[in-house]
Amino acid sequence: MSNNYEPKIIAFCCRYCAYTAADLAGSMRLEYPSNIRVVQLLCTGRIDVLHVLKAFEQGADAVYVAGCEPGDCHFLEGNYRAVKRIAYAKNLLKEIGLEPERLEFFHIGASEGPRFAEAAKEMTDRALKLGPNPLRKKQGE
Amino acid sequence: MIVGDRKPIEEIKEMLAPYKKILLVGCGTCISVCMTGGEKEVGILASELRMISELEKKDWEISETTIQRQCEREYIEPLKEQFEKADVVMSMACGVGIQYMAEVFPEKIVLPAVNTTFYGTNVKEGEWQERCAGCGDCVLDKTLGICPVARCSKGLYNGPCGGTDNGKCEVNKDLDCAWYLIYNRMKEHGKLDMLDEIIPARSWKTSLHGGPRKRVREDAQK
């Protein structure tokens with residue numbers, strides 16, 4: 033592992049909850065690792081296994097999807113669907129030979145700024161512990 | 002529709018081991034609807050194979066495409082150029098598509114990425130069940146629309162057998178007893194007397210036991 037390894041982490045966030053929580057974390061002046069690249073989704077029900085695989089293929093060290101609390105989905109069940117898809121995608125990562133721990137789903141309500149910061153920290157810690165995604169060509173790519 | 006399951010990745014890797022340029026071809030009809038080998042699944046497998054190639058230093062070059070139907074020549078022929086560029090073709094269609102692509106381009110090896118399993122229906126989101134065995138001599142009139150060939154584990158024409166257990170099959174407790182379903186359906190329609198009719202032993206020549214089947218309509222031929 034290179035000494036200056038800075039994990040690159042993709043966070044797919046629902047605009048109704050986790051994305052708003054990210055805004056709140058900012059307003060609350062909470063610190064969280066700057067390794068997170070947020071991709072806003074209208075609902076985590078939009079997430080596709082292929083989005084996750086492409087992120088890893090392009091060298092992401094970790095990927096997570098953050099959606100509403102159970103029962104709170106703006107579109108009723110998008111977050112439940114996303115949970116299942118992430119479980120499925122974890123199996124694909126195992127098939128490929130990547131650690132499934134590089135991928136996770138979090139329930140983060142719109143009012144949970146601190147929870148957003150915690151999730152960002154947890155995934156950064158995981159990525160640091162697991163080391164760089166072996167598909168990543170070199171730092172900075 | 003025809004239903005299938007993607008083969009285990011280890012089997013796919015082993016098949017592809019001797020090749021470099023791999024063309025992955027999906028099918029946009031049945032196998033796409035059963036979420037096994039359509040455009041999306043081709044994208045997923047292609048992405049997986051690209052990552053495996055990188056991780057295991059396999060030097061594969063994966064290209065991907067999906068056509069409307071792999072069981073019809075006019076959809077396959079436009080792939081000529083892509084076939085020529087590939088060392089091998091891996092199909093995500095049912096067994097029909099895999100074979101027919103190899104027939105249309107006999108100079109190319111076409112490998113299966115899918116195990117074709119049955120003719121079935123999508124009973125609910127994410128679940129497909131077998132309904133027809135393609136036996137060539139339909140008896141659904143005698144069983145009120147529930148097939149004893151495809152849905153009775155023993156293929157009994159006069160059931161149920163002693164293994165029926167509160168509507169379930171002794172072969173697998175998750176399976177409905179087809180003859181229990183048939184009985185209930187006859188009862189609902191006030192046709193229980195149909196059970197008195199013995200369905201005689203049939204010829205299985207119309208099924209695979211008479212060899213591969215074909216259908217000819219002379220009026221449609223040139």
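Taken in sequence, the protein lines are chains A and B.
Counted the way our numbering counts, the first sequence spans residues 33 to 173.
Counted the way our numbering counts, the second sequence spans residues 2 to 223.
C-beta: ideal position from N, C-alpha, C; glycine also.
Under the DSSP definition of a beta bridge, Cys45 (chain A) partners with A:Gln72, A:Ala98. With a threshold of 16 other beta carbon atoms within 10 Å, Gln69 (chain B) falls short and is exposed. For the stretch 64-85 of chain A, residues whose beta-carbon sits nearer than 7 Å to a beta-carbon of chain B comprise Val81, Leu82, Leu85. A residue is called buried once 16 or more other Cβ atoms fall within 10 Å of its Cβ, and Asn36 (chain A), having fewer, is exposed. A residue is called buried when at least 16 other Cβ atoms come within 10 angstroms of its Cβ; Gly39 (chain B) meets this threshold and is buried.
If you draw a straight line from the Cα of Gly211 (chain B) to the Cα of Gly137 (chain B), it is about 10 Å long. Within the stretch 10-61 of chain B, the complete alpha helix (DSSP H) segments of 4 residues or longer fall at 10-17, 31-34, 40-56, listed in chain order. Going by C-alpha positions, Glu189 (chain B) is about 24 Å away from Lys125 (chain B). With distances taken between CA atoms, Gln71 (chain B) lies nearest to B:Met102 out of B:Lys59, B:Met102, B:Lys223, B:Leu50.
The residue from A:Leu85, A:Phe137, A:Pro65 with its alpha-carbon nearest to that of Ile128 (chain A) is A:Leu85. Looking at the backbone, the Cα of Asp93 (chain A) and that of Glu144 (chain A) are separated by about 25 Å. When rounded, the separation of the alpha-carbon atoms in Pro79 (chain B) and Phe106 (chain B) is 11 Å. Closest in C-alpha terms to Arg132 (chain B), from the list B:Lys143, B:Ile147, B:Cys162, comes B:Ile147. Per the DSSP secondary-structure output, Trp205 (chain B) pairs with nothing in a beta bridge. Counting other Cβ atoms within 10 Å of its Cβ, Ser204 (chain B) stays below 16 and is therefore classed as exposed. Around the beta carbon of Ser92 (chain B), 16 or more other beta carbons lie within 10 angstroms, which makes this residue buried.
Not a single C-beta of chain A is nearer than 7 Å to the C-beta of Ile23 (chain B).
Residues of chain B with a Cβ closer than 8 Å to the Cβ of Leu167 (chain A) are, in chain order, Met52, Glu55, Leu56. Per DSSP, reduced to three states, the secondary structure at Arg134 (chain A) is helical. Judged by DSSP secondary structure, Arg132 (chain B) falls within the beta strand (DSSP E) whose first and last residues are 128-133. Any Cβ of chain B closer than 7 Å to the Cβ of Ile128 (chain A) would place that residue at the interface, and such an atom is present. By alpha-carbon distance to Leu62 (chain A), the top candidate from A:Pro166, A:Arg158, A:Lys169, A:Lys153 is A:Lys153. DSSP, read as helix, strand or coil, puts Ile199 (chain B) in coil.
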